[in-house]
Amino acid sequence: MFNHKEIEKKWQKFWYSNKTFKTSSDDSLPKQFILDMFPYPSGAGLHVGHPEGYTATDIYSRLKRMQGYNVLHPMGWDAFGLPAEQYAIKTGNDPRDFTDKNIATFKRQIQDLGFSYDWDREVNTTDPNYFKWTQWIFKKLYEKGLAEIGYMEVNWCEELGTVLANEEVLNVDGKMVSEVGEFPVIKKPMKQWVLKITEYAERLLNDLDELDWPESTKEMQRNWIGKSIGAKVDFKIKDHDLSFTVFTTRADTLFGSTYCVLAPEHDLVQFITSNEQKLEVEKYIEFAKGKSDLERTELNKDKTGVFTGAYAINPVNGKEVPIWISDYVLSTYGTGAIMAVPGHDQRDYEFAKKFDLEIVKVLDGDISEEAFTGDALHVNSGFLDGLGKEEAIAKMIEFLEENKVGEAYVNYKLRDWIFSRQRFWGEPFPVIHWEDGTVSLVDDKDLPLELPEMDNIRPTGTGESPLANAKEWLEVIREDGVKGRRETNTMPQWAGSCWYYIGYILNEDGYINPESEHGQKLLKKWLPVDLYIGGAEHSVLHLLYSRFWHKVLYDIGVVHTKEPYFKLFHQGMILGTDGLRMSKSRGNVVNPDELVESHGADTFRLYEMFMGPLEGEKPWSESGVDGARRFLERVWRMFEFSECTDEKVLELDKVYHQTVKKVTADYDNLRFNTAISQMMIFVNEVYKIKKLPREYAVGFLTMLNPIAPHITEELNEKLGNDILAYSKWPEYDESKLIESTIEVVIQVNGKVRDKIKVSAKASDDAVKEAALTEKVKSFTEGKTIVKVIYVKGKLVSIVVK
RNA sequence: GCCGGUGUGGUGGAAUUGGUAGACACGUUGGAUUCAAAAUCCAAUGGGGUCAAACCCGUGCCGGUUCGAGUCCGGCCACCGGUACCA
């Protein structure tokens with residue numbers, strides 16, 4: 066039995082005090098930037114899911130160091146956010162203390178696992194020295210015209226007097242209510258900072274192609290960006306000097322447009338509603354405010370809507386068509402208005418059937434039961450009659466452009482990013498609103514703009530953040546006597562996580578100015594991130610927002626790669642022993658502390674990597690942990706019973722070289738479970754032979770070191786060698802892997818019937834000949850052999866009739 | 001609902017390009033060791049069938065392509081992640 070407590074503490078202390086894993090400033094070595102998604106340090110501490118990805122990157126980092134790379138492998142804290150805010154409001158305590166305490170726990174737990182982080186580069190998003198640069202980037206966005214104030218809809222709860230996160234809103238009978246108290250929640254437009262990510266939509270879409278990311282993640286981002294090519298069409302409103310624009314991908318069906326629908330929030334609704342309809346329209350707008358987008362669109366089974374009393378003029382045929390409002394049209398997609406073509410759009414079809422609106426067939430397909438949305442020749446469409454879809458779309462756009470009533474247009478589902486939160490615990494905006502109506506930014510030399518000390522953080526009841534109560538901080542006076550008020554919104558948690566990979570690079574005992582010569586040198590050296598591992602739950606939002614900021618920084622010359630993260634990998638979730646997601650309420654959360662205490666960090670790391678493929682979801686198992694420990698015990702004993710000899714042990718040649726080959730390839734491809742099983746096979750062989758040549762002993766310890774760094778360093782030290790952390794990665798000799806005889810499977814009509822051993826050098830014909838064994842013949846007898854297929858070195862397939 | 005994923009023995013999983021399904025572990029059973037036990041070492045272990053073999057069945061379900069399908073195609077089912085203010 067080895068004493069994990071002693072060994073692990075000893076090596077952790079050694080690495081920490083020697084700064085073994087400090088990033089080298091040596092520019093001659095090739096670099097590897099290996100990054101984890103940094104955690105939100107919750108009050109519950111680390112759970113066993115966190116170290117899964119961290120172990121993977123740690124193995125990879127240790128491998129790359131031994132392969133001669135200069136490795137940057139840092140860790141930090143995404144420490145702003147909702148839970149600390151809620152804790153502060155509930156208890157009256159300062160979120161800073163709470164956050165610092167949680168970080169200390171997380172850090173201790175992570176360090177107990179022996180990860181090879183360069184702790185000199187630790188970042189913390191709530192550290193003013195860090196968020197100084199978050200604010201600086203915001204200023205750059207503002208100066209580039211990418212940050213604007215606009216009225217955007219938020220979840221407003223009148224009773225609670227506060228804006229709620231989607232997470233805090235429940236759906237009861239299709240209505241939004243607060244999680245706390247079940248009070249009504251409505252969509253209410255409020256002044257918000259908005260980042261114009263849509264201006265980058267096309268680049269965010271196109272540059273996905275050059276990334277080594279899971280195809281599924283790229284696909285999700287593509288779908289999220291949601292590019293659709295179509296046209297804008299202008300509709301004049303009868304008896305008003307007003308018009309509105311719709312976006313459509315099927316401009317060719319314009320002759321079939323028999324009504325239009327505006328989103329209930331559409332600006333025009335108030336101007337065009339007739340007196341007779343006014344009451345009903347207002348009632349409907351109220352009704353729609355209480356529904357979430359999801360309920361309004363995808364979950365919407367029963368269409369609702371109200372006629373406004375106004376008519377639009379169809380620009381292609383001059384027909385007067387009624388204008389309705391309905392919640393299935395969203396103000397946030399396209400132009401917030403649609404031309405309804407009930408014959409050829411299913412939602413419009415359902416709506417028209419329900420409200421008995423005219424349906425005109427303009428494509429030659431069956432519309433008796435449902436809308437026909439395919440490609441067919443046009444009918445009832447004037448100059449489009451007889452044309453197919455593509456041709457007709459092109460011709461219609463030509464008509465629209467010639468008559469100045471529309472144009473070709475590309476629409477994205479991607480929406481601009483609401484970048485403000487009505488909260489205390491976030492980065493303050495470096496913005497002052499002056500009483501003369503102007504807005505100015507805080508000067509660079511006055512950054513960071515820190516959060517005020519507040520005795521009691523509480524909601525204001527007006528929808529403003531608790532910062533509105535911090536009078537001294539809030540109110541400023543300009544030299545000319547004009548009064549101003551600081552922005553009371555704060556930035557969302559995304560802000561700090563959008564650029565933290567850059568933070569690590571710049572953090573050399575304080576943050577280097579990214580535009581300085583030294584900062585530039587560092588950024589050019591380290592970017593992009595070579596490997597980024599984190600959960601699939603970040604597939605779209607974090608990764609898309611972060612890519613957007615990176616592109617902006619690229620445009621202003623701060624960074625020099627188009628993309629931040631070159632290779633991305635998602636680790637799967639670790640489930641509870643019951644196969645369900647770990648959660649406090651289920652009581653199935655496993656905390657690593659007890660296991661590290663009882664089994665040791667090496668066992669923990671080994672078990673997590675052996676559980677299954679990194680990307681898969683896997684349930685936790687106690688007995689599996691014991692098995693992992695048993696393997697390490699077996700390794701420990703292997704060095705006790707086997708003579709460590711300087712002689713060659715020919716029986717081990719093949720399995721050793723196989724192991725080097727497989728482990729090297731598997732580590733590189735993040736397939737740790739199969740690498741471990743190969744090392745187990747090697748150990749099993751040594752147990753049979755009871756001899757271990759020195760060269761193979763060191764090679765084996767080197768290979769196991771990235772997974773179980775403490776025990777391998779200890780064994781290696783006992784052998785009298787220098788530390789493994791920077792030793793040379795073993796190489797394999799292909800010639801040792803060649804077999805002289807091979808086993809070939811013989812199939813008859815696809816079923817395995819016999820196996821033969823043949824010389825590796827045997828000719829194809831000789832193998833085919835040898836395949837006709839007595840047993841095989843009993844299956845081919847009385848039948849004609851139609852075909853014989855030989856797959857080299859693997860099988861012979863005989864087809865009979 | 002929409003987008004993306006997953007489904008293989010009693011259990012975790014392996015099979016990297018269509019070529020021996022179940023590597024390696026866990027568990028179980030048997031043996032060795034021990035006064036005895038734990039630990040350790042060795043062996044067996046998908047299901048049916050058989051004294052043993054032969055043989056049959058088997059990768060969520062239904063169908064297809066192929067000499068050959070866990071792998072490719074079509075249609076389902078179940079579960080998981082995301083769905084823009086949890087991050």
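First residue of the first sequence: 66, per my numbering; consecutive thereafter.
No residue lacks a Cβ here, since even glycine has one placed at the ideal position from N, Cα and C.
Terminal residues of the beta strand (DSSP E) in which residue i lies
i, result
"Trp221", "Ala212 to Cys222"
"Met241", "Lys240 to Ser243"
"Gln723", "Premise fails: Gln723 lies in the alpha helix (DSSP H), Leu715 to Asp733, not in any beta strand (DSSP E)."
"Leu671", "Unbroken run through Leu671 is the alpha helix (DSSP H), Ala666 to Phe675; no beta strand (DSSP E)."
"Glu838", "With the sequence shown as reference, residue 838 is identified as Thr, and Glu is not the correct amino acid for it. No beta strand (DSSP E) contains Thr838, which DSSP labels as neither H nor E."
"Leu344", "No beta strand (DSSP E) holds Leu344; the alpha helix (DSSP H) holding it covers Lys343 to Lys354."
"Met285", "First-last for Met285: Glu280 to Ile290, but that is the alpha helix (DSSP H), not the beta strand (DSSP E)."
"His498", "Val496 to Trp499"
"Leu235", "Val234 to Val237"
"Val864", "Leu860 to Val865"
"Arg550", "Lys548 to Arg551"
"Ile522", "Taken as a continuous stretch (DSSP letters only), Ile522 belongs to no beta strand (DSSP E), as it is neither H nor E."
Residue i vs residue j beta-carbon contact at 8 Å
i, j, result
"Asp143", "Pro104", "yes"
"Val763", "Leu784", "yes"
"Pro657", "Leu260", "no"
"Met676", "Asn578", "no"
"Pro249", "Lys240", "yes"
"Lys627", "Asp101", "no"
"Gly114", "Ile598", "no"
"Gln176", "Ile483", "no"
"Lys75", "Pro513", "no"
"Ala402", "His305", "no"
"Thr191", "Thr164", "yes"
"Arg523", "Pro531", "yes"
Identity of the residue in the options nearest residue i by Cα
i, options, result
"Glu117", "Ser650, Gly157, Met674 and Lys205", "Met674"
"Lys897", "Asp185, Val371 and Arg173", "A query on residue 897 cannot be resolved here, the shown segment of the chain reaching from 66 to 866 and no further."
"Val841", "Val851, Gly157 and Val817", "Val817"
"Trp881", "Met745, Glu716 and Tyr721", "The question about residue 881 has no answer, for the chain in this structure spans 66 to 866."
"Leu608", "Ile262, Glu213 and Thr527", "Ile262"
"Lys848", "Ala473, Asn814 and Ala149", "Asn814"
"Thr199", "Val720, Ser611, Arg173 and Arg127", "Ser611"
"Glu341", "Val371, Gly447, Glu799 and Tyr566", "Val371"
"Glu716", "Leu270, Lys801, Asn770 and Val334", "Lys801"
"Val386", "Ser843, Ala417 and Thr397", "Ala417"
"Leu94", "Ala109, Tyr134, Lys753 and Val311", "Tyr134"
One or two residues paired with residue i in a DSSP bridge
i, result
"Ala910", "The structure shown does not extend to residue 910, since the chain is modelled only from 66 to 866, so the question has no answer here."
"Met255", "Met217"
"Ile821", "Val809"
"Gly471", "Val298"
"Asp429", "DSSP lists no partner for Asp429."
"Phe867", "The question about residue 867 has no answer here: the residues shown for the chain are numbered 66 through 866."
"Asn476", "Ser293"
"Pro493", "Thr555"
"Leu506", "Val496"
"Lys826", "According to DSSP, Lys826 bridges with nothing at all."
Residue range of the unbroken alpha helix (DSSP H) whose run includes residue i
i, result
"Thr227", "Element bounds for Thr227: not the alpha helix (DSSP H) but the beta strand (DSSP E), Thr227 to Leu229."
"Tyr569", "Tyr565 to Leu571"
"Met703", "Glu687 to Phe706"
"Asp658", "Pro657 to Ser663"
"Ala533", "Counting along the chain, Ala533 falls outside any alpha helix (DSSP H), and DSSP gives it neither H nor E."
"Asp101", "It is not in any alpha helix (DSSP H) - Asp101 instead sits in the beta strand (DSSP E) that spans Lys96 to Asp101."
"Ala153", "Leu147 to Thr156"
"Glu779", "Pro774 to Lys783"
"Leu269", "Ala266 to Asn271"
"Tyr207", "Pro193 to Glu208"
**Request:** Enumerate, from N- to C-terminal direction, the unbroken alpha helix (DSSP H) stretches of 4 or more residues contained entirely within the region 580-653.
**Result:** Complete alpha helix (DSSP H) runs here, min 4: 582-591 and 606-620.
**Prompt:** Of all the beta strand (DSSP E) runs that stay within the bounds of the region 731-758, which reach a length of 3 or more residues?
**Reply:** Contiguous beta strand (DSSP E) elements confined to the region 731-758 occur at 756-758, taking only those with 3 or more residues.
**Request:** Only counting runs of 4 or more residues, tell me where the alpha helix (DSSP H) segments fall wholly within the region 66-132, in order along the chain.
**Result:** Runs found: 69-83 and 115-131.
**Message:** List, from N- to C-terminal side, the alpha helix (DSSP H) runs of 4 residues or more that fit wholly inside the region 159-189.
**Reply:** 160-177, all fully within the region 159-189.
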